[in-house]
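The structure appears below as C-alpha cells.
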Amino acid sequence: MFMDIYNNKLKKLKIIMVIIILLNSCNFKDEALGSEPGKGDAMKKLKDARTPIQILLDDFNFSDEYKAAVFYIKKPLTDSDIGRVRGYKTYTDAEFYDLLVKLGKYKLKNSVRIILLTLRERRNAFDAIDTIKKNQAKKDELAQNFDNIDNAYRTFLKSVFNIANVDVIFNNIKNHTGSQGFAKIRDDAWLVLRNEM
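Quick note on numbering: the sequence shown equals residues 1 to 197 in full-length UniProt numbering.
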C-alpha cells in the first residue's frame, strides 16, 4: 500500500515536471502587442498605435477640441471627391502630415483657432436644427441648407490648402470668415423654435 501511494505521487510528480518543461519551452509573447508579460512594453505599443498625426498634435500640446478641428480639416483635404471639378489637390495621409509639420506649431495652432470659430457656429447651427421638434418641413429645409453650407465650407477649406506655400495658406486662413452661413442657419432655427413655444 505504501508503494502504491509512492508510485501515484511519483506519477503526479513526473506529470508536473513534464508540464513545467512544456511551459518553459512556450513563448508567451502577446502577438498583438509584441511584448512579453511583465516587460512593460504593452503600454508603449498601445501608445505607439496612434497615428503620426496624433503623435504630432500631442507633441504640439493641442487640446482635444484643436485635435478634432485638425481632423475635421483633414477630411476634405484627403477626400478626392471634394474639389475634383476644380482640380484641387487631394492629400494623402502622409502629405497631410507633412503639411502640418511645414505649418509648424504656431501657424497650425493659429489657423485652427480661426477655423474653430466656424466649427463652433457649425455645431450651434446643427444643435439648433436638431432641437426643432414640431415643424418637420422647416427642420428638413434648414438641414438641407446646413448640408449645402457644410459642403461649400469643405470645398472652401480644400481651396485654401490647394496652395503649396504654407505662408499663403496661413494668410488665407487669417482672412477667413466662414461662419456667417452657419450663423444664419442657427438664427433661422431659433426663430422656428420660438414659434413652436
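Quick reminder that beta carbons are idealized off the backbone N, C-alpha and C, glycines included.
In the structure shown, the three-state DSSP call for residue 102 is helix.
Residue state for residue 161 is assigned as coil, using DSSP reduced to three classes. The residues 69, 72, in chain order, have a CB closer than 7 Å to that of residue 119 in the same chain once the five nearest residues on each side in sequence are set aside. Across the structure, residue 63 and residue 117 are spaced so that their CA atoms are roughly 15 Å apart. Separation of the CB atoms of residue 149 and residue 104 is rounded to 30 Å, and the pair is thereby denied contact status at 8 Å.
If the five residues before and after residue 143 are omitted, its C-beta is found closer than 7 Å to the C-beta atoms of 129, all from its own chain and listed in chain order. Counting of Cβ neighbours within 10 angstroms places residue 178 among the buried residues, the total reaching 16 or more. Under the 10 Å beta carbon count, residue 191 is surrounded by fewer than 16 other beta carbons and is classified as exposed. DSSP places residue 181 inside the alpha helix (DSSP H), whose first and last residues are 180–196. Pairing residue 125 with residue 112, the inter-Cα distance amounts to about 19 Å. By the neighbour-count definition (other C-beta atoms within 10 Å, threshold 16), residue 106 is an exposed residue.
With a 10 Å radius around the Cβ and a threshold of 16 neighbouring Cβ atoms, residue 115 comes out buried. Inter-residue distance for residue 122 and residue 76 is about 16 Å (C-alpha atoms, whole angstroms).
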